[in-house]
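All remarks here apply to the structure that follows.
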Amino acid sequence: GGCAPRQKAAPAKSAPSIVIGFSQLGQESSWRQRNTDSVLTAAADARYRVLYRNGDSSQEQQIKQIRSFIISRVDAIVFAPIVETGWTAVLKEARAAGIPVILDDRNIAPAERKYITSAVFTDAVGEGQKAAAFVKKKFTNHQGPVRMVQIYGNKDSSVSVGRSRGFTEGLAGDGRFQTVATEYGDFMISKGEEVIRQLAQKVDLHTIDVIFSHNDDMTLGILKYLKTTDIKPGKDIVIVSIDATQEGIDALRRGEINADIECNPETGPKLMNLINLVLNQQSFASSYYLEDQVFSEFDTHLATVKRRY
Ligand code: GYE
30 GGCAPRQKAA PAKSAPSIVI GFSQLGQESS WRQRNTDSVL TAAADARYRV
80 LYRNGDSSQE QQIKQIRSFI ISRVDAIVFA PIVETGWTAV LKEARAAGIP
130 VILDDRNIAP AERKYITSAV FTDAVGEGQK AAAFVKKKFT NHQGPVRMVQ
180 IYGNKDSSVS VGRSRGFTEG LAGDGRFQTV ATEYGDFMIS KGEEVIRQLA
230 QKVDLHTIDV IFSHNDDMTL GILKYLKTTD IKPGKDIVIV SIDATQEGID
280 ALRRGEINAD IECNPETGPK LMNLINLVLN QQSFASSYYL EDQVFSEFDT
330 HLATVKRRY
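Just so we're aligned: the sequence shown equals residues 30 to 338 in the working numbering.
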């Protein structure tokens, strides 16, 4: 009514009438499932309504979903971009409609970033650096060469680019470390198994010292294949993985992998805080990062580690 007191920067709407469009990139891994749950749970806690769509690992699907959010006039769009480039057209449409767009987990290319309001990122470069630090520690006093295979996740994803960059940077200047092959396993168990089986046709895995696999699902596939050979994972080949899922930690405890770098999937609460700031015209940073821990064979308390995914 006319007598309502004046408010500064009053939200246009109250939380229950705010609608968020969320395009998740796929369901390739248990990490991804946990990330989806984190976002949906945090949105429910904030009493935001969510239009949730899953891109099933297709950029085309994700673009369609974002377009449908624009048509539905959502208050904010959150999406986890499967790849770094190719989003400009749909992001321009969101901007023209005045809808803020926030990234979940993965980044997009600098040239396309200007259409993005803010982001909650996982720390891909940091995870790669932590993987490198473990490998360096593991091979202290080892003469070298140390022959390494790297299994990436999705091609052209910021996460694989970042993890391999962090890993390479972390080992730079130490000539013992040589990457002899790289493959893409799309962050999936089945693909991890497939690419390592194919690689074994080209490279004698007995000559490999380290496999750095960009997530635990692919690592599980790699272990499955190695168990069909005479190679003992964790003993004959040092296995370094990322995510720290419960199954990853269990494999670490069995000695089949040597280190598991956490990738923190809990982006939801930070995303909802951010959306609140954005919709209330308060100040916010251009990006936020989550923190990760390292689990490795050097830890003494692995038995007590309980994971949520
Ligand atoms: O490590 C993997 C998932 O983008 C950080 O994607 C994420 C990665 C995560 O499929 O398991």
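Backbone N, C-alpha and C fix where the C-beta goes; we use that ideal spot for every residue, glycine too. Given the structure is predicted, the values throughout are model-derived calculations rather than measurements.
- Judged by DSSP secondary structure, F51 falls within the beta strand (DSSP E) whose first and last residues are V48 to Q53.
- Between the beta-carbon of V119 and that of I100 there is about 12 Å, and that puts the pair past the 8 Å contact cut.
- According to DSSP, residue pairing for S325 in a beta bridge involves A288.
- Close CB contacts of A161 within its chain, under the 6 Å cut and outside five residues either way in sequence, are with F196, G199 and L200 (chain order).
- K159 is classed as buried because its beta carbon has at least 16 other beta carbons within 10 Å across all chains shown.
- Segment contact: the region 227–236 against the region 182–192, fewer than three CB-CB distances shorter than 8 Å; contact not assigned.
- Taking all protein chains in view, the Cβ of G284 is surrounded by fewer than 16 other Cβ atoms within 10 Å, so the residue is classified as exposed.
- In this structure, N244 has its beta carbon less than 7 Å from a heavy atom of ligand 1.
- Proximity of the beta carbon of T117 to ligand 1 is not indicated: no heavy atom of the ligand is located closer than 7 Å.
- Within 7 Å of the C-beta of E295 there is not a single heavy atom belonging to ligand 1.
- Boundaries of the alpha helix (DSSP H) harbouring I99: Q88 to I100, taken from the DSSP string.
- Rounded to the nearest whole angstrom, the C-alpha separation of F206 and Q275 is 29 Å.
- In this structure, ligand 1 has a non-hydrogen atom nearer than 7 Å to the beta-carbon of D134.
- Between ligand 1 and G250, a heavy atom-to-CB distance of less than 7 Å is absent.
- With a threshold of 16 other beta carbon atoms within 10 Å, H171 falls short and is exposed.
- E212 sits in a strand when the DSSP states are folded into three classes.
- Under DSSP, no beta-bridge partner is assigned to V112.
- Taking 8 Å as the cut-off, the Cβ atoms of V130 and A123 count as close.
- Each of L331, L300, L319 and G173 was checked against the Cα of F51, and the nearest Cα belongs to L300.
- By the criterion of a C-beta distance shorter than 6 Å, K220 is surrounded in its chain by G214, once the five residues flanking it on both sides are discounted.
- For D134, the uninterrupted beta strand (DSSP E) run begins and ends at V130 to D134, by DSSP.
- Between the region 141–152 and the region 252–270 there are fewer than three C-beta pairs closer than 8 Å, too few to call the two in contact.
- Residue range V267 to D272 is occupied by the beta strand (DSSP E) that includes S270.
- DSSP places M177 inside the beta strand (DSSP E), whose first and last residues are V175 to Y181.
- At a cut-off of 7 Å, the beta-carbon of E320 does not count as near ligand 1: no heavy atom of the ligand is closer than that.
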